[in-house]
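Working notes, beginning with the structure itself.
Protein chains: 2
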Amino acid sequence: MTEQSKYLPRPPKKSRRPAVKAEAIPSVVPTERPGPEGGKRAENRRTKANLLASAALRLMLERGIEAVTIDDIVVQAGVAKGSFYRYFDDKEALVRGILAPLEEPLHEAFTRCRRALADADRGPSLVAPYASFAAEIAHTIFELESVTRLYLQERRGANAGARRPIARLARFIDDSAETLAAFANARGLTRPGDSQVSAAVVVGAAEHLAYRALLGETQLRSPAVAVELIAIILDGVRLSE
Amino acid sequence: MTEQSKYLPRPPKKSRRPAVKAEAIPSVVPTERPGPEGGKRAENRRTKANLLASAALRLMLERGIEAVTIDDIVVQAGVAKGSFYRYFDDKEALVRGILAPLEEPLHEAFTRCRRALADADRGPSLVAPYASFAAEIAHTIFELESVTRLYLQERRGANAGARRPIARLARFIDDSAETLAAFANARGLTRPGDSQVSAAVVVGAAEHLAYRALLGETQLRSPAVAVELIAIILDGVRLSE
DNA sequence: AGAAAACATGACTGAACAGTCAAAGTATTT
DNA sequence: AAATACTTTGACTGTTCAGTCATGTTTTCT
Chain Y
1 MTEQSKYLPR
11 PPKKSRRPAV
21 KAEAIPSVVP
31 TERPGPEGGK
41 RAENRRTKAN
51 LLASAALRLM
61 LERGIEAVTI
71 DDIVVQAGVA
81 KGSFYRYFDD
91 KEALVRGILA
101 PLEEPLHEAF
111 TRCRRALADA
121 DRGPSLVAPY
131 ASFAAEIAHT
141 IFELESVTRL
151 YLQERRGANA
161 GARRPIARLA
171 RFIDDSAETL
181 AAFANARGLT
191 RPGDSQVSAA
201 VVVGAAEHLA
211 YRALLGETQL
221 RSPAVAVELI
231 AIILDGVRLS
241 E
Chain V
242 MTEQSKYLPR
252 PPKKSRRPAV
262 KAEAIPSVVP
272 TERPGPEGGK
282 RAENRRTKAN
292 LLASAALRLM
302 LERGIEAVTI
312 DDIVVQAGVA
322 KGSFYRYFDD
332 KEALVRGILA
342 PLEEPLHEAF
352 TRCRRALADA
362 DRGPSLVAPY
372 ASFAAEIAHT
382 IFELESVTRL
392 YLQERRGANA
402 GARRPIARLA
412 RFIDDSAETL
422 AAFANARGLT
432 RPGDSQVSAA
442 VVVGAAEHLA
452 YRALLGETQL
462 RSPAVAVELI
472 AIILDGVRLS
482 E
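Chains as they are written, first to last, in our numbering: chain Y, 1 to 241; chain V, 242 to 482.
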């Protein structure tokens, strides 16, 4: 005996909002305010978007992006399913939102480094920009551990569905590394060789190390590890003869 | 007007196989022959298992393990859905089957290398075992490009569902690398430092380079790239002063 | 204050999916 | 050749999921 009435819509009282078409809905980004001001509503909006994003992030780190459903997310966040779709168009948009705070500083760091390299054409310390770049990135990564871990975890794999924003970032990182490596090579900072290879080596090494560190292998989390990484990249593992 | 009769089971003629319980079904591995000989049946079995596995591999490389459904696989392979379940218990078992030919030679190469290192205690060329190891692995990887690519693509991420066998292999590789790095370090082959770090660096660099190469970036596929990878790992990218 | 607009809710829909099974087909044995 | 054991098939079931929408609630505007 299924109780039908339980599943019927709540009894109508007054239709206060008759058939508004979907034009007013904020489409992609949750922080995009559709109409008003900086009052209570805007506050709630931010709070709820963050609630959803951080619930999603937690689940995705546990189970992987694809295994997490919208229902999982709303249950974890403690909101209704319909609310999710007020803040994000779909899972891909959500991932875009989650990744944004990581993407921005990376873009900036890269741009800054490239400019610095262009400026300091043949100054004595052409190495300084690289050092700043590394420091900035390290700072960002540890500022945004969970997001970084999500990126590292889902970095490879098909550029489809919810993983598309991650593939985009991965591509940007590969390309940036190659640009910087090519520059270093052209200026004679590094041994001659294919800069695509050295870029891939550096990215692969740094990302894998970061991934293992962020996974919680505590021995890998000391600042000394970053120093050692740089030492190995610069001078290799071989004991000098 | 749904045509009911269309969806009814085909009309019974003679039940030639009355209610056999599921005990006779070959459970996990498709190559495990349930009864008879080495005749035509065994041949068909192998053929079909390979058909399913390679169809699945193709799809998984395109879309990622999780996005591929059993229906996708059987359509691609051109067999009925029920047949899939005669050969594999589920997607995880299938992935296990796909990975097996890669896992075996890797296990062997590692075991061989460790033994060689243990034997050649303080001989002059303690480096030779590492060189053979690298050569063996390179050979295996390029022998099994697609499987390797699947491994690299799905290597990280949650240890759950169909990805479990891949996580297992990833873990084995990380651990093996660490063992070999620790050995090299203890024997004074490498500069002092945390061997966990150097192991992670080597694995990360090699895997990322292999991944990019297998993705089809043709400039990265020459044998010179492997040489350059080793050079960078041994001596770094820095131009000697 | 009241009106209007944005926001929240969760039952509901239709599609997609993993896994099953009775019936029909094919190799192997006797 | 007939019986037997293994194999194939695809319609079917029950479940899970993304996305919708009518109704109810809160904030903002006037």
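Cβ coordinates follow ideal geometry from the N, Cα and C atoms, glycine included. Model, not experiment: these values are computed from the prediction.
Per DSSP, reduced to three states, the secondary structure at R155/Y is coil, with no helix or strand assignment.
In this structure, L293/V places its C-beta atom within 9 Å of the C-beta atom of Y328/V. Residues of the segment 185-211 of chain Y with a C-beta atom less than 8 Å from some C-beta of chain V are G188, L189, T190, R191, G193, D194, Q196, V197, S198, A200, V201, V202, V203, G204, A205, A206, E207, H208, L209 and Y211, listed in chain order.
The beta carbons of P105/Y and T140/Y sit closer together than 9 Å. Cβ contact annotation for L410/V (same chain, cutoff 7 Å, sequence separation greater than five): L340, E344 and Y392, in chain order. T431/V carries a strand assignment under DSSP once its states are collapsed to helix, strand and coil. About 13 Å separates the beta carbon of L302/V from that of I314/V, a gap too long to meet the 8 Å contact definition. Against chain Y, the beta carbon of R397/V has neighbours under 8 Å at L152, Q153, E154, R155, R156 and Y211, listed in chain order. Here V388/V is buried: its Cβ has 16 or more other Cβ atoms, across all protein chains shown, within 10 Å. Per the DSSP secondary-structure output, R479/V pairs in a beta bridge with T190/Y.
Remark: three or more beta-carbon pairs, one from each stretch, lie closer than 8 Å, so the segment 194-205 of chain Y and the segment 465-475 of chain V are flagged as touching. The contact set of I233/Y on chain V, defined by CB atoms closer than 7 Å, consists of G477 and V478 in chain order.
Counting the other CB atoms within 10 Å of its CB gives A467/V a total of 16 or more, which places it among the buried residues. Taking the C-beta atoms as reference points, L421/V is found nearer than 9 Å to F374/V.
Distance from the CA of G82/Y to the CA of T431/V, rounded to the nearest whole angstrom, comes to 58 Å.
Put simply, of S295/V, G429/V, Y452/V and F424/V the residue whose alpha carbon is nearest the alpha carbon of V320/V is S295/V. In chain order, D194 and Q196 make up the part of chain Y whose C-beta sits under 8 Å from the C-beta of Q460/V. Under the three-state reduction of DSSP output, D415/V falls in the helix class. Shown here for A116/Y: same chain residues with a beta carbon closer than 8 Å to its own, the five before and five after excluded, namely A128, P129 and S132 in chain order. Where E103/Y is concerned, the enclosing alpha helix (DSSP H) starts and stops at K91 to D119. Excluding its 5 nearest sequence neighbours in each direction, V309/V has C-beta neighbours in its own chain below 6 Å: L300 and M301, listed in chain order.
In the structure shown, F329/V falls within a coil segment according to DSSP collapsed to helix, strand and coil. Pairing E207/Y with D435/V gives a Cβ-Cβ distance that is not under 9 Å. For L298/V, the enclosing alpha helix (DSSP H) has its first and last residue at K281 to R304. For S366/V, the closest Cβ of chain Y is not nearer than 9 Å. Within its own chain, the residues whose Cβ lies closer than 7 Å to the Cβ of R221/Y, once the five positions on either side in sequence are excluded, are A213, listed in chain order. Among the residues of the segment 39-66 of chain Y, those with a Cβ less than 7 Å away from any Cβ of chain V are E62, R63, G64 and E66, in the order of the chain. Taking the Cα positions, G64/Y is about 37 Å away from N285/V.
With its beta carbon at least 9 Å from every one in chain V, G216/Y lies outside the interface. Per the coordinates, the alpha-carbon of P464/V lies some 36 Å from the alpha-carbon of G402/V. Using a CB distance cut-off of 9 Å, D71/Y does not count as an interface residue toward chain V. Residue-level contact by beta carbon fails for A375/V and chain Y, as no gap is shorter than 9 Å. Between A361/V and L367/V the beta-carbon gap is near 6 Å, inside 8 Å, which marks them as a contact. Scanning its chain for C-beta atoms nearer than 8 Å, with the 5 sequence neighbours on each side dropped, one finds around R149/Y the residues L61, Y211, L214 and L215, in chain order.
The C-alpha of Q196/Y is placed about 17 Å away from the C-alpha of L480/V.
Chain Y has no Cβ within less than 9 Å of the Cβ of L347/V.
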